[in-house]
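Single-structure report; data block below.
In my numbering, the protein residues as written are 111 to 312.
The structure is reproduced here in structure tokens:
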């Protein structure tokens with residue numbers, strides 16, 4: 111299953127981040143350091159593909175959509191925490207963008223009569239125990255240093271793209287495949303942004 115494979119990759123990547131020293135960031139990013147400021151909430155834009163039509167989908171397709179919706183929450187919750195910890199705008203900006211991803215996923219779930227099991231849980235909490243363990247691990251790594259937080263961002267977006275691509279390939283529903291393509295485009299933009307910021311830190 112693509113979900114379990116990607117989850118394992120993220121856990122391994124998270125453990126590798128433990129080797130990143132706290133003072134690893136260089137150049138202008140390094141000078142910004144840690145902060146404790148609250149994050150300003152930016153209203154989410156209307157999600158792309160909000161008029162998608164979904165047909166009859168299989169149980170496997172439903173399970174994939176439910177998992178991916180929780181994966182979007184994981185990314186958004188992590189970026190909010192990193193925005194509080196590190197004085198760089200990229201985390202707050204991408205956290206806001208993740209809200210549009212979550213809104214698009216929520217509309218698809220609603221259209222299919224499904225409910226995200228983590229939707230009503232507080233930030234940083236998940237119904238899926240594997241996702242909860244993953245969140246806790248990646249949060250700890252990302253709070254070690256700015257470089258580690260950027261590495262976590264890269265890993266999350268790479269995993270999102272892989273999961274969305276696999277889900278699109280496994281689905282025969284035009285609405286789902288278009289939704290996944292829209293989300294993957296957004297994740298690709300996030301990945302490029304994190305990669306540029308990480309290059310500037312090294």
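Note that the Cβ used here is the ideal one computed from N, Cα and C, for glycine as well.
Just so we're clear, the structure is a prediction, and the values are computed from it rather than from any experiment.
The Cβ atoms of residue 209 and residue 176 lie no closer than 8 angstroms to each other. Sorting 186, 238, 204 and 178 by C-alpha distance to the C-alpha of residue 218 places 178 at the top.
For residue 269, the enclosing alpha helix (DSSP H) begins and ends at 256-280. Pairing residue 250 with residue 276, the inter-Cα distance amounts to about 28 angstroms. In this structure, residue 307 places its C-beta atom within 8 angstroms of the C-beta atom of residue 260. Between residue 273 and residue 181, the CB-CB gap stays under 8 angstroms. Here residue 191 is not near residue 283, since their CB atoms are 8 angstroms or more apart. As for any alpha helix (DSSP H) of minimum length 4 sitting wholly inside the stretch 199-256, the runs are 200-221 and 239-252, ordered along the chain.
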